[in-house]
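Residue numbers (my numbering): 25 to 323. One structure below.
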Amino acid sequence: MKILITGANGQLGNELKKQLSSGCSEIGTIPQQLKEAQVIYTDVEELDITNQAQVMAFVKEQQPDIIISSAAFTNVDGCETNTDAAFCVNALGPRNLAMAAEAVGAKLIHVSTDYVFSGVENGGVPLDETNLPAPVSAYGKTKLLGEQYAAQFCSKTFIVRTAWLYSYTGKNFVFTMVNAGKKFGKLTVVNDQLGNPTNAVDLAHHLLKLAVTEEYGIYHCTGEGVCSWYDFAAEIIRLSGVGAEVLPCTSAEYAQKNPAAANRPAWSALENRMLRCTVGNEMRNWKDALKTFFEHYQP
């Protein structure tokens with residue numbers, strides 16, 4: 025078994041590396057078939073996914089059985105001002121990987137986002153895989169096109185949407201809140217955008233579960249339970265022990281102070297229905313996963 029991972033230096037890439045090296049995660053063991061897998065870790069220095077010829081040549085040379093596509097342009101505000109770069113990485117990159125995967129008969133696991141949805145409130149019900157995407161930002165639009173290209177050009181595709189991802193490494197909301205809390209002692213965070221915080225441990229664990237199946241299709245894979253960014257921040261500060269005050273604000277108030285910020289969905293809470301109906305949903309409640317994160321995190 026040979027696995028090719030793109031975006032290997034990112035949050036998810038590092039967690040996949042950890043689980044594939046150790047054979048287990050905080051949730052449990054990884055599939056037996058993957059414990060002796062040969063893994064090729066790439067980031068932009070080793071493989072430019074926006075270059076179709078380079079991707080095709082690399083994949084044909086390596087002949088992977090599974091490609092995990094976790095490289096992305098995830099700076100939501102940056103996507104608004106650098107739309108060509110967002111398009112190349114988030115749309116053409118998955119297309120190139122899908123075409124190469126199809127050429128060698130590999131499975132493709134493409135990681136996407138809750139930002140493919142409009143943010144219109146769904147009657148308090150999390151969005152499952154039957155809900156139709158309608159993104160409101162350049163990031164969401166390019167990620168949706170990446171999903172469509174992945175499914176169009178590779179017949180063995182898993183599209184996995186996640187949200188509000190954090191991990192033990194890299195830049196993420198958890199570290200941002202902890203550092204800002206230490207520096208300023210007071211944080212103001214929006215309380216009218218709701219979704220699902222997701223620990224990269226849980227996401228990586230489920231990607232590896234899917235990798236050994238043929239249960240192709242669209243998946244939602246986020247932490248269980250719905251909260252606002254304010255709720256998330258307040259719990260981060262509480263568990264971290266940082267003596268900071270967390271205050272709520274509206275998206276309108278935030279936009280007034282940050283006019284260049286991209287639109288973000290007000291409601292992007294996802295339901296992991298496809299997981300539950302196929303390989304099983306072991307995603308932890310977001311509060312439990314965050315608590316375990318702080319129990320294990322070593323600054």
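Using N, Cα and C, we set each Cβ at its ideal position, and we do this for glycine too. Please read all numbers here as calculations on a predicted model, not as lab measurements.
- The DSSP-derived three-state label of Val63 is strand.
- Only exposed fits His320, as fewer than 16 other CB atoms lie within 10 angstroms of its CB.
- Between Leu36 and Glu277, the alpha-carbon positions lie close to 32 Å from each other.
- When the Cα atoms are used, Thr107 and Glu295 turn out to be separated by approximately 29 Å.
- Annotation for Val79: no beta strand (DSSP E) segment contains it, though the alpha helix (DSSP H) segment containing it runs Gln76 to Gln86.
- According to DSSP, Ile73 shares a beta bridge with no other residue.
- In chain order, Gly37, Asp67, Ser94, Ala95 and Ala96 place their CB closer than 7 Å to the CB of Gly31, counting only its own chain and leaving out the 5 sequence neighbours on each side.
- Of all C-beta pairs linking the segment 79-86 to the segment 120-133, three or more are shorter than 8 Å, placing the two stretches in contact.
- Contact annotation: Ser252 and Pro272 have beta-carbon atoms nearer than 9 Å.
- When C-alpha distances from Ser142 are compared across Ala127, Cys301, Asn99 and Pro289, the shortest belongs to Pro289.
- For Ile261, the closest alpha carbon among the candidates Leu151, Phe199 and Gln76 is that of Phe199.
- Around the beta carbon of Leu189, a 10 Å sphere encloses 16 or more other beta carbons of the protein chains shown; the residue is thus reported as buried.
- Trp291 sits in a strand when the DSSP states are folded into three classes.
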